[in-house]
Structure formats: structure tokens, C-alpha cells
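Trainee:
Protein chains in written order, with our numbering: chain A, 1136 to 1249; chain B, 42 to 154.
See below:
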């Protein structure tokens, strides 16, 4: 079956630094990647959608300069949280979709900004 | 504007009995619905889906029912097992292609031995 690998699973960083999260589709070409954020005991909120080789489309209220998304290849997308602050602490999840492949989620990244 | 709603934050069911999780939606453009199971600190795992052209889809112990006129879908798990204890999310999308999923708030299912 389709597998999406997301790294790191946990990261702790200092306030003001940047953190990069990677999402890889291991056995299929992900033409579209989705990045979600989940607050404790809340739903998954879509942050942005990216298609390979194109700029990401951000949801309303999501700062594109703070959450940089790159989808440079059909198997890799990255989310960089720039100048992280404690309020950015959250659980971030990627999802990939390709031709003949449905929505497959990564295992998530727990970001803690101290 | 919560387009997909799961009004029960939690549900407790005895092992062996049927678990019924409910989901309502407001956007009539939604035509594809999915159920995901999620453990803490993990990504969602796909369970079952249904297209709007159907009203029922079954896969082993899992059955999803869709009532388009009521804009309501439900997930039935029978018989319920302790390993089914998790948070269940329903999600919906509109149109063809790689459309974004809109998730409900989730329902925490606990199966009691």
C-alpha cells in the first residue's frame, strides 16, 4: 500500500529558530501534498495544499511567510516553520495524494517551541 | 464555519457490541466521504470511504452509511473490539481530482472489555 514517511516525529526548538519538517511518499508519486495542523483535542485544520513544482495554496488565516512549503519533487514536500514561537507548538501532519492513490497521511510531527 | 460536524466528542461501547459514530455535513457539494482512525501522536489511518452515488459501503467489520437528503453519514463497527479504541474522524471532499479534505472534530471511541 501507499506509504508516507514524515520526519522528524518530534522536535523541540528554541523560540526564534526555524524548523523543517519533511514528508516523503515512499512508493508512489505524490502530485499533491496537504499540510495539516492539529491542536489538542481538536480537528485537523488544513494549512495549505501544494502541487509538485507549483507554489502552495494557503488556507485563509495561514501566514505563508511563516509556514514555508516546498514541493520540489513528486516524492518530497517540506514545511518550514520560520521564527517559531510557542504558539506554533502543535502537531503537524502531511498527506499525499497521487494518481490512483488516495489520501495517505504521514505519522505526524510534534513541534514544541520553548 | 464547521462544514463537517461530529457532535459526539466521545462514545463508550462494550466489547462485542455495535459502535455507531455519526457525522453531519452542510456543504451539498461534498461528494466523497471518508472515515479515519487516529491514535495519539500518530497520523490518521484510512478506514473506509463512500462516494455520494452510493448509500452504503461495507468492508469487514466496518460499514459506512450515507443519507444524502439528511446530509448525514455514520460508521458502524461490529463487533467492537478493544483495539478499536481511538479517535475517529470523518472527512469530506468536493469534486474530482486532488481536492482537500475537510475534517470533523473527531469522536473518541472507547471499547470496554
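Every residue, glycine too, gets a C-beta built ideally from N, C-alpha and C.
List, in order along the chain, the chain B residues whose C-beta lies closer than 9 angstroms to that of residue 1245 of chain A?
Mentor: Neighbours of residue 1245 of chain A on chain B, chain order: 82.
Trainee: Evaluate the contact criterion for the region 99-115 of chain B versus the region 42-54 of chain B: three or more CB pairs, one atom per stretch, below 8 angstroms.
Mentor: No: fewer than three Cβ pairs fall under 8 angstroms.
Trainee: Out of A:1218, A:1159, A:1225, which has the shortest C-alpha to C-alpha gap to residue 1173 of chain A?
Mentor: Checking every option, the nearest Cα to that of residue 1173 of chain A belongs to A:1225.
Trainee: According to DSSP, which residues form a beta bridge with residue 67 of chain B?
Mentor: Partner(s): none; residue 67 of chain B has no beta bridge.
Trainee: Going along chain A, which residues have a C-beta under 7 angstroms from residue 57 of chain B?
Mentor: What residue 57 of chain B touches in chain A: nothing, since even the nearest Cβ is about 28 angstroms away.
Trainee: Rounded to a whole number of angstroms, what is the C-alpha to C-alpha distance between residue 133 of chain B and residue 126 of chain B?
Mentor: Their Cα atoms are separated by approximately 22 angstroms.
Trainee: Return the chain-ordered list of same chain residues with a C-beta closer than 6 angstroms to the C-beta of residue 1142 of chain A, the five sequence neighbours on each side being excluded.
Mentor: 1157.
Trainee: How far does the beta strand (DSSP E) with residue 1142 of chain A in it extend, from its first residue to its last?
Mentor: Unbroken beta strand (DSSP E) run through residue 1142 of chain A: 1139-1142.
Trainee: Got a sec: is the Cβ-Cβ distance from residue 1218 of chain A to anything in chain B below 7 angstroms?
Mentor: No, residue 1218 of chain A lies away from the interface with chain B (no Cβ there is under 7 angstroms from its Cβ).
Trainee: Kindly indicate which residue of B:152, B:151, B:147 has the alpha-carbon position closest to the one of residue 65 of chain B.
Mentor: For residue 65 of chain B, the nearest C-alpha among the options comes from B:147.
Trainee: Taking 6 angstroms as the cut-off, is the CB of residue 1230 of chain A close to at least one heavy atom of the ligand MG?
Mentor: In terms of ligand content, the structure shown is empty, and the ligand MG therefore cannot be addressed.
Trainee: Would you mind working out which of A:1148, A:1233, A:1137, A:1139 sits nearest residue 1221 of chain A, comparing C-alpha positions?
Mentor: With distances taken between Cα atoms, residue 1221 of chain A lies closest to A:1148.
Trainee: How about residue 1228 of chain A: is its C-beta nearer than 7 angstroms to some C-beta of chain B?
Mentor: So yes, residue 1228 of chain A belongs to the interface.
Trainee: Could you run through the region 110-125 of chain B and flag, in chain order, every residue whose CB is less than 9 angstroms away from some CB of chain A?
Mentor: Cβ contacts with chain A come from no residue of the region 110-125 of chain B.
Trainee: Using the three-state DSSP reduction, which class does residue 1241 of chain A fall into: helix, strand or coil?
Mentor: If DSSP states are grouped into helix, strand and coil, residue 1241 of chain A belongs with coil.
Trainee: Measure from the C-beta of residue 17 of chain B to each C-beta in chain A and report whether the shortest distance is under 7 angstroms.
Mentor: The requested residue 17 of chain B does not occur in the structure, where chain B is confined to residues 42 to 154.
Trainee: Under the assumption that residue 1203 of chain A contacts residue 1164 of chain A (Cβ atoms under 8 angstroms), give the Cβ distance between them as a whole number of angstroms.
Mentor: Actually they do not touch by this definition, with Cβ atoms about 22 angstroms apart.
Trainee: In the region 1158-1169 of chain A, which residues sit with their C-beta less than 7 angstroms from some C-beta in chain B, listed in chain order?
Mentor: From the region 1158-1169 of chain A, only 1166, 1167, 1169 have a Cβ closer than 7 angstroms to chain B.
Trainee: In chain order, which beta strand (DSSP E) runs of at least 3 residues are fully inside the region 105-138 of chain B?
Mentor: Listed in chain order, the complete beta strand (DSSP E) runs (minimum 3 residues) inside the region 105-138 of chain B are 113-118, 127-135.
Trainee: Residue 1139 of chain A and residue 1241 of chain A - do their beta-carbons sit closer together than 7 angstroms?
Mentor: Contact flag set, yes.
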